[in-house]
Amino acid sequence: MRCRRAIAAALLGAGLVACPSAMERTEGMDPSVVVAEERADYAVYADRCSKCHSLGRSLHSGITDDAFWRMYVERMRRQPGSGISEEDMQPILRFLHWYSQKQKAGG
Amino acid sequence: MMRLQTLQVGRLATASLVAHVKRATSLLPPVASLLVALVAALLGALWPGSARALDRTFAGSVQLDEHIAPGEPSTNAGTQSFYGFTTELSGKIAVDLSEHVSANVKICYGCHGFETDMAYVDLRVADELNFRVGRFSPSFGAFNLRHDPANHKLADKPLPYDMGRMLRMRDWNLGVLPSPFPDNGLEIDGTHWFGDKLQLDYAAYAVSGFKGGETGLDIDFAQSHSGSLYYVDNNNTPAGGGRVALTAKLGPRTDLTVGGSGMYGTFDPQSRLSYAIFGADVSLRIGRTNLRAEWLMRRQEFDATDQAQLKYTVPPSGGDFFVKHGAYVEMEHPLGAGVDGIVRVDGLLRLGNVAAGSPLTNDSSVLRYTIGGSYLVARGVRLKLTPELWQFSYADSSGRKVEASLHTAVAGAF
């Protein structure tokens, strides 16, 4: 019984480790996919927004509306210890706008 | 133009509502009238002034965890090792009703079945003044914000916040403050930035508080959370507490947060037995590297009228309480594309009387050493490997004080 469970766990682990070769290996975006003029904004977004949760949470949220993003990021800014200042809002929102446009265009 | 008209209509409606409430409350005592008028004015000010659509976000997570401890006795006669397979599922919806009002509902499924982890409304007057009403985990400590398995990279929680994955958990009755700790009540909180470098957070709350039996020797955390026993206070005496934290941006990619928390309440139906929990935390983030340290302490009174249920005689001078300390220090560092390494040392120390028959003494401790890894399989899916070495101050039935265990977990989030 113990042996079977150990083998099952090892197989599951090996499978999971082996499969990402063709998948994304980052919670955020591959920086090479981000256009040059958005990389500084992306850096602020990636740094601030990964403090409490994975970047996938926001990138997978399906939000594409700028006003919605503003409310969403405002809510995060007000989280205790977020470290997201008013000054950080603009680059974060600029990146999310760019990302949303990219998503809308099917990219 | 349309938006301006909508806003004007909204303001007229607000003024009309306040005037109507003033007329209706003219017969009430002056203080009550003032209170009602203030609430009406607050609701009027916060009510959505425009007809914009609601903004909703849905998020969820799942973690499957297999905990194997080869040397730990099992309760299952078919095996000689301890296996703990646990599942945590959660789904959360957040709705922004307006710029000042939002609501959150989160349902979890874990060891005790379905649980309402969040069901609250935030009424935000300003960044510095928010009223949170409903069911929520009151602000305490640093870890609770990351309690969802999707938001921490080891498979289990630090021991001070352990909710059931620790070895010998029944000896210890879990950690100091098992997380999450949702409760019903009101919290007033806020955040303020001093310039662009310093963020101050505060919270003060009144909630129904933890529950326990009439002659209980400790808090009954299952009873405190279970909806099947009704989400109502068992002693009509609220518990209260608060938190203050300061976050300093030391550099473009460096944050330092220092916080302190406290909570006080009674847990028995007669409201005679109190608990007081204090905590201090510090966390430093340099780039993607996180260093965290946290200490919690709970002073817990218990019923000592029946000395037969206690291991040690209670002296006439008192001593009908115990103190439970918990602390952890951890470092989380990215090791490569999609791989994070985490090192943690955590422990519990319990001082004071214990139940007769308990393997604990009046001075028991456990230390745990963890070197874990978190591997990103695909965006939103992580494999967590968490080997642990446990060092108890007391031997179990087979004479062991040291145990080794391994968590293998898969966590997904969206």
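Residue numbers (this note's numbering), protein chains in the order written: chain Z, 1 to 107; chain S, 108 to 521. Glycine included, C-beta positions come from ideal geometry on N, C-alpha and C. These numbers come from a predicted model, not from an experiment.
- A direct Cα-to-Cα measurement between S/Asp172 and S/Cys218 gives close to 12 Å.
- Between the alpha carbons of S/Tyr501 and Z/Val35 lies a distance of about 59 Å.
- With fewer than 16 other beta carbons inside 10 angstroms of its own, S/His299 counts as exposed.
- As the crow flies, the alpha-carbon of Z/Ser54 is around 15 Å from that of S/Lys491.
- Linking S/Glu195 to S/Pro423 through their CA atoms gives a straight-line distance of about 46 Å.
- The Cβ-Cβ distance between S/Ser197 and S/Asp255 falls below 8 Å.
- Less than 8 Å divides the Cβ of S/Val421 from the Cβ of S/Asp427.
- Assignment of alpha helix (DSSP H) within the region 298-384 of chain S, counting only whole runs of 4 or more residues, yields 328-332 in chain order.
- By the rule that beta-carbons nearer than 8 Å mark a contact, S/Thr194 does not touch chain Z.
- Between S/Arg457 and S/Leu467, the CB-CB gap stays under 8 Å.
- The C-alpha of Z/Arg39 lies about 26 Å from the C-alpha of S/Lys260.
- Exclusion of the five residues before and after S/Val509 leaves Gln498 as the residues of its chain whose Cβ lies within less than 6 Å of its Cβ.
- In this chain, S/Lys491 is not harboured by any alpha helix (DSSP H); it is covered by the beta strand (DSSP E) spanning 488-499.
- When only Cα atoms are considered, S/Phe374 and S/Tyr338 end up about 14 Å apart.
- 8 Å or more divides the Cβ of S/Asn469 from the Cβ of S/Gly479.
- In the DSSP assignment, Z/Arg39 falls within the alpha helix (DSSP H) that extends over 39-49.
- In the displayed model, Z/Gln101 falls within a helix according to three-state DSSP.
- For S/Asp234, there is no enclosing beta strand (DSSP E), as DSSP marks it with neither H nor E.
- Straight across, the Cα-Cα distance linking S/Pro285 with Z/Glu37 is about 46 Å.
- When secondary structure is reduced to three states using DSSP, S/Met270 falls in the coil class, being assigned neither helix nor strand.
- Less than 8 Å divides the Cβ of S/Ala434 from the Cβ of S/Gly454.
- In this structure, S/Asp290 sits near S/Arg242, with a CB-CB distance shorter than 8 Å.
- Straight through space, the alpha carbons of S/Gly320 and Z/Glu27 are spaced by roughly 46 Å.
- Rounded to the nearest whole angstrom, the CA to CA distance from Z/Gln79 to S/Val314 is 20 Å.
- Within the DSSP bridge table, the entry for S/Trp402 names S/Ala387, S/Ala434 as partners.
- Chain-ordered, the chain Z residues with CB closer than 7 Å to the CB of S/Arg253 read Cys52.
- Shown in chain order are the members of the region 198-228 of chain S whose Cβ falls below 8 Å from a Cβ of chain Z: Ala201, Asp203, Glu206, Ser209.
- Burial check for S/Ser512: the Cβ neighbour count within 10 Å reaches 16 or more, so the residue is buried.
- The C-alpha of S/Lys318 lies about 43 Å from the C-alpha of Z/Ile92.
- Under DSSP, no beta-bridge partner is assigned to Z/Leu93.
- Within the same chain, Cβ atoms closer than 8 Å to the Cβ of S/Trp402 are found at Pro267, Gly386, Ala387, Asp388, His432, Gly433, Ala434, the five residues on either side in sequence being excluded.
- Of S/Arg360, S/Leu293, S/Ser209, the smallest CA-CA separation from S/Ile393 is found for S/Arg360.
- Membership of Z/Ala67 in the alpha helix (DSSP H) is indicated by the continuous run 66-77.
- Distance from the CA of S/Arg277 to the CA of S/Asp325, rounded to the nearest whole angstrom, comes to 12 Å.
- Judged by DSSP in its simplified three-state form, Z/Arg57 adopts helix.
- Excluding residues up to 5 positions away in sequence, Asp229, Arg231, Asp296, Gly297 lie with their Cβ nearer than 6 Å to the Cβ of S/Asn237 in the same chain.
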